[in-house]
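**Student:**
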Amino acid sequence: MITKGRLEAFSDGVIAIIITIMVLELKVPHSENIEALVALFPVFISYVLSFVYVGIYWNNHHHMIHTIKSVNGAILWANLHLLFWLSLIPFVTAWMGENHFGKWPVILYGIILIMNAVAYFILAKTLVSHHGKDSLIAKALGQDWKGKLSLIIYATAIGASFIHSGIGMFLYFVVAVIWLIPDRRIEKLMIAESHKEDKHF
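Here the sequence shown stands for residues 64 to 264, where the numbers follow this note's numbering.
1) I need the straight-line Cα distance from M127 to A201, nearest angstrom please.
2) In chain order, what residues of the same chain lie with their CB nearer than 6 angstroms to the CB of N162, ignoring the 5 residues before and after it?
3) To the nearest angstrom, how far is the alpha carbon of A157 from that of H124?
4) In chain order, what residues of the same chain have a beta carbon less than 8 angstroms from the beta carbon of I65, not counting five sequence neighbours either side?
5) Mapping DSSP to helix, strand and coil, what is R236?
6) Would you call the CB atoms of L186 and N122 closer than 7 angstroms?
7) Buried or exposed: W148, going by 16 or more other Cβ atoms within 10 Å of its Cβ?
8) Buried or exposed for N281, please, with buried defined as at least 16 other CB atoms from any protein chain shown within 10 angstroms of its CB.
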């Protein structure tokens with residue numbers, strides 16, 4: 064039987080590989096001139112943005128798994144579905160950086176971000192379905208206004224990228240900043256649950 068610990072360990076391993084693949088796209092210049100580094104700037108910016116996104120998913124995934132007690136087959140598949148879309152981030156990151164934020168690479172990057180958000184939403188709903196509406200995970204997720212707002216901004220960014228890819232990139236950074244703002248709901252609920260258990264002893 065797969066435990067939540069094994070699911071988390073497997074997910075951590077995949078995410079670590081994703082980050083490793085992305086950093087390998089930062090090719091070492093064959094010149095000692097500073098101009099050679101300047102040429103890598105778009106690739107570096109793409110890497111930083113994607114690193115932040117992958118880090119955000121890892122952080123939220125870690126907190127979410129800590130609120131659950133068990134997993135089932137549906138949860139395993141929902142988790143694999145999320146990892147699939149996360150695994151495509153290195154490809155679109157490299158394409159976007161190598162082509163200096165061209166229209167279609169930026170648009171595809173946004174589509175992959177949307178699919179990651181949808182996959183995360185599906186995983187969250189699957190966890191809530193398994194543990195119940197009164198469970199800790201259900202309380203922690205709440206209305207998920209960040210997730211809903213992110214989808215709207217992603218869609219706007221994709222549409223705006225048809226006009227100018229720079230607008231799309233700016234909006235992708237906006238979403239990243241929104242998620243970087245700490246959300247202490249899960250930690251507070253975990254502490255509250257811990258105190259309740261202590262009172263029972």
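From the three backbone atoms N, C-alpha and C, an ideal C-beta is built for every residue, glycine too.
**Tutor:** On the basis of the coordinates in this document:
1) Along the sequence shown, read from residue 1 onward, the residue named residue 127 stands at position 64. Along the sequence shown, read from residue 1 onward, the residue named residue 201 stands at position 138. Approximately 10 angstroms, taken between the alpha carbons.
2) Taking the first residue of the sequence shown as 1, we reach residue 162 at position 99. So the list reads P168, once near-sequence residues are dropped.
3) Along the sequence shown, read from residue 1 onward, the residue named residue 157 stands at position 94. Along the sequence shown, read from residue 1 onward, the residue named residue 124 stands at position 61. So the alpha carbons of these two residues sit roughly 24 angstroms apart.
4) Sequence index remark: in the sequence shown, residue 65 carries index 2 (1-based). Excluding positions up to five away in sequence, the list reads V134 and L139.
5) Reading the sequence shown from its first residue, position 173 is the one you call residue 236. The question names Arg, but residue 236 is Phe in the sequence shown. Three-state result, F236: helix.
6) The residue labelled residue 186 in the question sits at position 123 within the sequence shown. The residue labelled residue 122 in the question sits at position 59 within the sequence shown. Not closer than 7 angstroms, so no.
7) Taking the first residue of the sequence shown as 1, we reach residue 148 at position 85. W148 comes out buried.
8) In the structure as shown, the chain begins at 64 and stops at 264. Residue 281 is therefore absent and cannot be evaluated.
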